[in-house]
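Trainee: Please see the structure below; I have some questions.
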Amino acid sequence: MVVLIICLCLATLITRIIPAFMTGKMNLPEGVVTYLNFIPYAALGVLIFPGILEVLESPVDGLLGGLFAVVLAILRVPLFFIVLGTIVFIYFIM
């Protein structure tokens, strides 16, 4: 068990921490930086979408809530207010 924890710790160190220090000194092209900035949003969408379809009684309610959250995100509303606003929106449509 301890060997597994050490191996996982090394895998995290190699794949996450070391590249973070190396890329801090590099000047990446603007297109690459823009592309990398969208990765967290894409990953978050992949993680959230299945929950949108399954968490409520009706998938339509989940899709409406997700659409409402997307609209708020496009309007550049802070994340806290997106979450709070979507919860209130779902409460009112149910």
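No gaps in the numbering here: position 14 of the sequence shown is 141 in this note's numbering, and each next residue is one more. Built from N, CA and C at the ideal position, the CB exists for glycine as well. Owing to the predicted nature of the structure, the values given are computational and were not obtained by experimental measurement.
Can you give me the C-alpha to C-alpha distance between L199 and Y162, rounded to a whole angstrom?
Mentor: Within the sequence shown, the letter at position 72 stands for residue 199. Within the sequence shown, the letter at position 35 stands for residue 162. When rounded, the distance between both Cα atoms is 22 Å.
Trainee: Which residue marks the beginning of the alpha helix (DSSP H) containing N154, and which one marks its end?
Mentor: The residue labelled residue 154 in the question sits at position 27 within the sequence shown. Note, N154: premise wrong, no alpha helix (DSSP H); not H, not E.
Trainee: Looking at L202 and G189, is the spacing between their C-beta atoms short of 7 Å?
Mentor: For the purposes of this step, residue 189 is taken as the residue at position 62 of the sequence shown. For the purposes of this step, residue 202 is taken as the residue at position 75 of the sequence shown. It is not a contact, given that the beta carbons lie outside the stated cut-off.
Trainee: Between V159 and Y168, what straight-line distance do the alpha-carbon atoms span, to the nearest angstrom?
Mentor: For the purposes of this step, residue 159 is identified with residue 32 of the sequence shown, where counting begins at 1. For the purposes of this step, residue 168 is identified with residue 41 of the sequence shown, where counting begins at 1. Looking at the two C-alpha atoms, the distance is approximately 15 Å.
Trainee: Could you give the distance in angstroms between the alpha-carbon of V173 and the alpha-carbon of P186?
Mentor: For the purposes of this step, residue 173 is identified with residue 46 of the sequence shown, where counting begins at 1. For the purposes of this step, residue 186 is identified with residue 59 of the sequence shown, where counting begins at 1. Whole-angstrom Cα-Cα distance: 16 Å.
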